[in-house]
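Just so we're aligned: the sequence shown equals residues 21 to 294 in this note's numbering. Note sheet for the following structure.
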Amino acid sequence: MAPPRAMTTATARAEPSPLEIARALAPRIRERAAEIETTRQLPSDLVVELANARLFKVALPEAEGGLGADVLTALQVIEEVARADGSTGWCVAMGINTFRQSAQLAPDVRRQLFFSDPIGVSAGSARERGRAVAVPGGYRVSGHWFFASGCMHSALLHGACKVFDGDTPRLRPNGDQEIRICYFFPKSQARIIDNWNVSGLRGTGSHDIAVDDVFVPEERTFSAQDRRARVTGPMNRMHGFDLAGCGFCCVGLGVARAAIDAFVDRPPICCASG
């Protein structure tokens, strides 16, 4: 029998954890913070780097090109990125959440919308500011939504819509009006209205988006009131709306940690005596 092969450094080295990946990217994110703030969006090469590092897909299984992280680890990644730059952390949180939302779609539709582009994320709003009129095969959609964070780099856009059969609101069994999240793909179906001129989180590019009488196939929509995911996994046990709230809290934690870092690293203040 041949003697056991000695373990080398290369064979012993473990793959970096999602949190280690985020920390390795942090210096490059931090040095682009002023540029992000000035241009009101993430630089395209930085978006590619985030996507290649699989941070948008951090909670997806490895079989789907993700890092297979649990919910807590995904939230820690958001916090770490936000510690380097708040806008980037916010966009990573949005990306993670939109991949969670994609689990509401049929697998083949999900692959087409979210996995045919290297970036893959969607941008939009879950506020029901759209009108979706049922027609054969889908809906005619019109609407105007606020705060479409990441819309400048996203692969597609989405918006929540109240559903109508003709002029009659479509009601669910409990009497609530049906609300559906509609995906606009290709992205050019929607207009981006450049109006994100704010004092904080400027780099999120959270512009308005709008569509005018666009046809959206039924399969590119899902009920906002249905909490059951079609794809299993730890992340998919949470509804996307719940996950979004947790993610945005972690952005605040990351920004707060950066403020503490800046305070600790400041030059000492000396008081003249006499």
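Idealized CB from N, CA, C, for every residue including glycine.
ask   = Alpha carbon to alpha carbon, how far is Ala276 from Val68?
value = Each residue's alpha carbon lies about 26 angstroms from the other.
query = The beta strand (DSSP E) with Cys202 in it runs from where to where?
reply = Its beta strand (DSSP E) spans residues Ile199 to Phe204.
ask   = Cα separation between Gln209 and Cys270?
value = Taking the straight line joining both Cα atoms gives about 32 angstroms.
message = Short of 8 angstroms in beta carbon distance, which residues of its chain neighbour Arg48, apart from the five on each side in sequence? Order them along the chain.
response = If the five residues before and after Arg48 are omitted, its C-beta is found closer than 8 angstroms to the C-beta atoms of Leu66 and Glu69, all from its own chain and listed in chain order.
query = Would a C-beta distance cut-off of 8 angstroms place Ser226 and Phe167 closer than the cut-off?
reply = Yes, Cβ-Cβ distance for Ser226 and Phe167 is below 8 angstroms.
Range covered by the alpha helix (DSSP H) that runs through Asp65 = Its alpha helix (DSSP H) spans residues Ser64 to Asn72.
ask   = Skipping 5 residues on each side, what residues in its chain have a beta carbon closer than 7 angstroms to that of Ala244?
value = Counting only Cβ-Cβ distances below 7 angstroms, and skipping sequence neighbours, we find Ala146, Ala180, Ile199, Arg200 and Ile201.
ask   = Going by alpha carbons, who is nearest to Pro156 out of Asp90, Ser122, Tyr203 and Glu238?
value = Ranking Asp90, Ser122, Tyr203 and Glu238 by Cα distance to Pro156 puts Glu238 first.
task = Specify the secondary structure class of Pro47 as computed by DSSP and reduced to three states.
result = Pro47 falls in the helix class under three-state DSSP.
ask   = Cα separation between Phe283 and Gly274?
value = Inter-residue distance for Phe283 and Gly274 is about 14 angstroms (C-alpha atoms, whole angstroms).
message = Looking only at its chain, what residues have a beta carbon closer than 6 angstroms to the beta carbon of Gly88, apart from the 5 residues adjacent to it on each side?
response = Its chain contains Pro81 and Glu82 as the residues whose beta carbon lies nearer than 6 angstroms to that of Gly88, once the 5 sequence neighbours on both sides are disregarded; these appear in chain order.
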